[in-house]
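One structure is given here, and the rest of the page talks about it.
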Amino acid sequence: MVFQKEVTLPAFRRGYHLITRFISEQLPELPETGLLNILVKHTSAGITINENADPTVRSDFERFMNKMIPEGDPVYEHTDEGDDDMPAHLKSSVIGASINIPITRHRLNLGTWQGIYFCEFRNYGGPRKLVLTVLG
Numbered sequence: 168m169v170f171q172k173e174v175t176l177p178a179f180r181r182g183y184h185l186i187t188r189f190i191s192e193q194l195p196e197l198p199e200t201g202l203l204n205i206l207v208k209h210t211s212a213g214i215t216i217n218e219n220a221d222p223t224v225r226s227d228f229e230r231f232m233n234k235m236i237p238e239g240d241p242v243y244e245h246t247d248e249g250d251d252d253m254p255a256h257l258k259s260s261v262i263g264a265s266i267n268i269p270i271t272r273h274r275l276n277l278g279t280w281q282g283i284y285f286c287e288f289r290n291y292g293g294p295r296k297l298v299l300t301v302l303g
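Residues in the sequence shown are numbered consecutively from 168, following the working numbering.
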């Protein structure tokens, strides 16, 4: 079984956003076992899996990444699209543009405290497209 669907996320403010429920609602009945791949079709956003209970983890991510990859650094040559653009590209490469999640007993096999984060690195990123692929 192969299922693939392109979905559009609404515009999110800059930051790390839990989208686990949104993703689950987009999927068909899942196979007994398999794999879900999620691809972010943008070079200035990312996706990862992390803590789903305490929202301070997401704000800590934002502060840490901004410290590690600051805006307005004079080393950047790619600056035509704003101060947040080149750092967004770098953050996307560090965090990553895709994840894989195992499917077990017809469910996403995430840990108790794990959730899917959509990472918006632009100040005004707009709606974002994801490709969801289920292999089973």
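C-beta atoms are modelled at their ideal positions from N, C-alpha and C, and glycine is treated no differently. Only a predicted model underlies this, so the values are computations on that prediction, with no experimental measurement involved.
Counting only residues of its own chain and dropping the five nearest sequence neighbours on each side, residue 291 has no CB closer than 7 Å to any other CB. By the CB criterion at 8 Å, residue 208 and residue 301 fall outside the cutoff.
Non-local C-beta neighbours of residue 282 in its own chain, meaning closer than 6 Å and more than five positions away in sequence, comprise 185, 187, 219, ordered along the chain. Counted as a single uninterrupted DSSP element, the beta strand (DSSP E) harbouring residue 204 occupies residues 200-207. Looking at 287, 204, 240, the one whose alpha-carbon comes closest to that of residue 259 is 287.
With a beta-carbon spacing of about 16 Å, residue 240 and residue 211 fall beyond the 8 Å limit used to define contacts.
Within a 10 Å sphere around the beta-carbon of residue 255 sit 16 or more other beta-carbons, which makes this residue buried. Under the three-pair Cβ rule at 8 Å, the region 197-204 counts as touching the region 262-282.
The residue among 191, 199, 229 with its C-alpha nearest the C-alpha of residue 303 is 199. Between residue 215 and residue 284, the C-beta spacing is below 8 Å.
For residue 269, the enclosing beta strand (DSSP E) stretches over residues 265-271. In this chain, the alpha helix (DSSP H) harbouring residue 228 covers 223-235.
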